[in-house]
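Trainee:
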Amino acid sequence: MLPFLLSLLLLTGAAAGVQGHDDAAARRTMEEFAGFPASDDGEGGRASPLRVDSESLQRQIDELASFSDSPAPSVTRVLYSDKDVQARRYIKGIMKQLGLSVREDAVGNIFGRWVGSEAELGAVATGSHVDAIPFSGKYDGVVGVLGALEAISVLQRSGFQPKRSLEVIMFTSEEPTRFGISCLGSRLMAGSEELVRSLKRTVDNHNVSFVDAADSAGYKIHPDDLHNGMGVMLEQC
């Protein structure tokens, strides 16, 4: 139900600061999704409005851009490099600050879950990537991750309690920079057997294998793990 809820609520929250915006409509959508009324803010029974903290979001985007192998304003962040590892640590830190359940799979897809009141139901997920091709812009990909986390923060501040769990995913290696393979993490999650077979023999321009590169970033996987449905969570963070 409403698979793009988080993205829509992010836009709704940004629009909430515009004069004439109908906060009530957004609240009704939230309450329909939650299954019960949103909490009040204690001021005459009025519900808390949706407000994106744009300054905080911009600060996070700027801080994430500092993890780069090229000078500002460009960003270079290649899969499993030191800067990539630092960026991953930064994203996990924000997830934990929001009280999300954080976990990773064998290749480093990162999942931050806000557990719903009926956690047995299927989760609603959104996300993007934070790896960056050489000399890219600081907004590419990262807005889909940090923006989704801010959307969850907006919902939390409003008193919303989800019925279904909400999950933000940071996908590993959307860019094909290091190994010439794009959308690596999401394709493995989708069960691409062709990709599994190719990764066992894939090396970068320095003849470093995919498995060894993952190991250097802290993902100690056996090649056979690539057959085990990459959506299985192998590490609790």
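The sequence shown maps to residues -20 to -1, 1 to 217 in mature numbering (1 follows the signal peptide of the UniProt record, and there is no 0). C-beta: ideal position from N, C-alpha, C; glycine also. For clarity, every value in this text was computed on a predicted model and none was experimentally measured.
(1) Mind pulling the beta strand (DSSP E) runs of 3 or more residues that sit fully within the region 89 to 137?
(2) For my contact list, Leu164 and Ser153 are in at a C-beta cut-off of 8 Å; report their separation, rounded to the angstrom.
(3) Can you name the residues that DSSP bridges to Ile149?
(4) In whole angstroms, what separates the C-alpha of Tyr70 from that of Gly160?
(5) Run the CB neighbour count on His202, radius 10 Å, all protein chains shown included, and call it buried at 16 or more, exposed below.
(6) Between the alpha carbons of Tyr199 and Val183, how many angstroms are there, rounded?
(7) Alpha carbon to alpha carbon, how far is Phe151 from Gly121? Give it in angstroms, no decimals.
(8) Have a look at Gly(-8) and Glu35 and give me their C-alpha separation to the nearest angstrom.
(9) Using a Cβ-Cβ cutoff of less than 6 Å, which residues in the same chain neighbour Asp49 once the five nearest sequence positions on both sides are dropped?
(10) Within the same chain, show all residues whose beta-carbon is closer than 7 Å to that of Ser145, passing over the 5 residues directly before and after it, in chain order.
(11) Run through the DSSP bridge pairs and tell me what Ser196 is partnered with.
Mentor: Answer, in terms of the structure:
(1) 90 to 94, 104 to 108, 112 to 116
(2) Sure, about 4 Å apart at Cβ, within 8 Å.
(3) Per DSSP, the beta bridge partners of Ile149 are Phe91, Gly107.
(4) 25 Å
(5) exposed
(6) 16 Å
(7) Each residue's alpha carbon lies about 10 Å from the other.
(8) Only weak support exists for where Gly(-8) lies, its pLDDT of 42 falling under 50; the value from the coordinates is given anyway. Looking at the two C-alpha atoms, the distance is approximately 14 Å.
(9) For Asp49, where only same-chain residues beyond five positions count, the Cβ hits under 6 Å are Thr56, Lys63.
(10) When the five nearest sequence neighbours on each side are left out, the beta carbons in the same chain lying within less than 7 Å of the beta carbon of Ser145 are those of Arg93, Trp94, Val95, Gly96, Ala99, Ala103, in order along the chain.
(11) Its beta-bridge partners do not exist; DSSP assigns none.
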